[in-house]
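Note sheet for the following structure.
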Amino acid sequence: MKTIILAGGLGSRLSEETVLRPKPMVEVGGRPILWHIMNIYAAHGVDEFIIALGYKAEVIKEYFLNFYAINNDLTIDLTSGRTVIHEGNQPKWKVHLIDTGLHTQTGGRLKRLRKWLREDETFMCTYGDGVADIDVNALLNFHRSHGKLATVTTVRPPARFGRIGFQEDRVHEFYEKAETSEGWINGGFFVFNTKVIDYIEGDETILERGPVERLAHDGQLMGYRHNGFWSCMDTLKEKNILEELWASAKAPWNLGCSISRANGRSTG
Numbered sequence: 008m009k010t011i012i013l014a015g016g017l018g019s020r021l022s023e024e025t026v027l028r029p030k031p032m033v034e035v036g037g038r039p040i041l042w043h044i045m046n047i048y049a050a051h052g053v054d055e056f057i058i059a060l061g062y063k064a065e066v067i068k069e070y071f072l073n074f075y076a077i078n079n080d081l082t083i084d085l086t087s088g089r090t091v092i093h094e095g096n097q098p099k100w101k102v103h104l105i106d107t108g109l110h111t112q113t114g115g116r117l118k119r120l121r122k123w124l125r126e127d128e129t130f131m132c133t134y135g136d137g138v139a140d141i142d143v144n145a146l147l148n149f150h151r152s153h154g155k156l157a158t159v160t161t162v163r164p165p166a167r168f169g170r171i172g173f174q175e176d177r178v179h180e181f182y183e184k185a186e187t188s189e190g191w192i193n194g195g196f197f198v199f200n201t202k203v204i205d206y207i208e209g210d211e212t213i214l215e216r217g218p219v220e221r222l223a224h225d226g227q228l229m230g231y232r233h234n235g236f237w238s239c240m241d242t243l244k245e246k247n248i249l250e251e252l253w254a255s256a257k258a259p260w261n262l263g264c265s266i267s268r269a270n271g272r273s274t275g
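Using my numbering, you'd call the opening residue of the sequence shown number 8 and step up by one each time.
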C-alpha cells in the first residue's frame with residue numbers, strides 16, 4: 008500500500024517558518040511534521056511513501072538523503088576523514104521523492120504521480136501538514152467495504168474550513184472553504200482508486216474543488232467519520248499547540264514512533 012503526501016505548497020500562512028523551508032519540514036518536537044505524518048501510517052504497517060515535492064524540494068531531499076546519518080550515532084576519524092555510522096532502530100520505509108513542479112496545484116501534483124501507481128490500484132493520500140490519531144487500517148477497511156472510488160476522512164474542526172454534507176456515509180456535497188460552517192470538514196487522509204486521477208485535468212486543478220466535488224456529485228465519494236484528534240498546522244499558533252502536546256508526552260497522534268530515544272531524541 009502506497010501513501011502519497013502532498014508536500015509541495017508554499018505554506019504562506021506559516022511564513023514565519025516557511026521562508027527557509029517547506030511547511031512539511033517545519034519541526035514539532037525537533038522532527039519535521041512530515042516525519043510525524045509518516046509515522047502515523049507506519050504505525051499501521053503502511054511504509055511506502057511517494058512525496059510530491061515543489062517549493063524548496065531540495066530541503067526535503069537533503070533530509071532523506073542524510074536521514075540515516077542524522078538519526079544514528081557517528082564516529083568520525085578527523086585524520087583520515089573516515090566516518091562510521093552506528094546502526095540504530097530505523098524505520099523500514101521506502102520513500103520516493105518526486106518533483107511535481109513549483110506552482111502545481113494539489114490535483115496537478117497527484118496527476119503527475121500517475122506513473123508511480125499501478126492500474127486500478129488503491130492508495131492513500133494526504134497533506135503534508137496534518138496529524139491525527141486516526142486508525143489507518145479502519146479507514147482502509149471502510150474504503151474497501153463501500154466499493155466507491157474515493158474516501159475522505161472527515162473531522163470536526165474550527166468554522167473557517169469548508170463543509171461536507173452527508174447522506175448516511177455518502178458525501179453528497181463538498182463545499183471548500185466556506186466563510187462560516189459547522190459539522191464535518193475535509194481532514195485529508197484520503198483513500199483513492201487510481202481512476203480518481205481521471206477527474207483531474209492538469210497542473211492548475213485543485214484537488215479539493217473540481218475533482219472531489221465531481222466525485223461527490225457522481226456518488227463516488229464516501230466519508231469516513233473520525234471522531235478523535237485532528238489538527239492541521241496552517242498557522243504559528245497551531246504549530247505551538249502541537250509543540251506543547253508533543254512536549255507533554257501526550258500527543259494523540261503519537262501512535263508509536265519509529266526512531267528510538269537515543270541521544271535525547273523523542274520517541275513514542
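Heads up, the beta-carbon is just placed ideally off N, CA and C, and yes, glycines get one too.
Note that the structure is a prediction, hence the values are computed from the model and not measured.
- Counting C-beta atoms within 10 angstroms of its own C-beta, TYR134 has 16 or more neighbours from the protein chains shown and is therefore classed as buried.
- Note on GLU215: 16 or more other CB atoms within 10 angstroms of its CB, so buried under the neighbour-count rule.
- For ASP106, the pairing in a beta bridge is given by DSSP as LEU60.
- Per DSSP, the continuous alpha helix (DSSP H) segment holding GLY114 begins and ends at 113 to 119.
- Spatial neighbours of TRP100 in its own chain (CB-CB distance under 8 Å, excluding positions within 5 residues in sequence) are listed in chain order as MET45, ALA49, ASP54, GLU55, PHE56, SER265.
- The Cβ atoms of HIS93 and LEU81 sit closer than 9 Å to each other.
- If you draw a straight line from the Cα of LEU21 to the Cα of THR242, it is about 5 Å long.
- Listed in chain order, the alpha helix (DSSP H) elements of length 4 or more contained wholly in the region 200 to 254 are 217 to 224, 243 to 254.
- Nearest to TYR75 by C-alpha distance, out of LEU60, LYS63, ALA59, VAL102, is VAL102.
- By the neighbour-count criterion, in which a residue is buried when 16 or more other Cβ atoms sit within 10 angstroms of its Cβ, ASP136 is buried.
- ARG163 sits in coil when the DSSP states are folded into three classes, being neither helix nor strand.
- For LEU13, the enclosing beta strand (DSSP E) begins and ends at 9 to 14.
- Apart from the 5 residues on each side of it in sequence, LEU17 sits with its Cβ closer than 6 Å to the Cβ of TYR62 in its chain, given in chain order.
- For a cut-off of 8 Å, the C-beta gap from LEU252 to ASN200 is around 34 Å, too long to register as a contact.
- From the listed residues SER87, ASN148, ASP140, GLY115, the smallest Cα separation to THR129 is found for ASN148.
- Under the three-state reduction of DSSP output, VAL66 falls in the helix class.
- Using a 10 angstroms sphere on the CB of ALA59, the tally of other CB atoms reaches 16 or more, which defines it as buried.
- For THR25, the enclosing alpha helix (DSSP H) has its first and last residue at 22 to 25.
- Relative to the Cα of LEU104, the nearest Cα in the group ARG89, VAL91, LEU120, SER238 belongs to LEU120.
- Checking the DSSP bridge columns, you'll see ASN193 partnered with THR161.
- Nearest to GLU211 by alpha-carbon distance, out of ASN193, ALA223, THR113, PRO31, is THR113.
- HIS224 is classed as exposed because its beta carbon has fewer than 16 other beta carbons within 10 Å across all chains shown.
- Remark: C-beta atoms of HIS43 and TRP237 do not approach each other more closely than 9 Å.
- For VAL143, there is no enclosing beta strand (DSSP E); the residue is part of the alpha helix (DSSP H) that begins and ends at 143 to 153.
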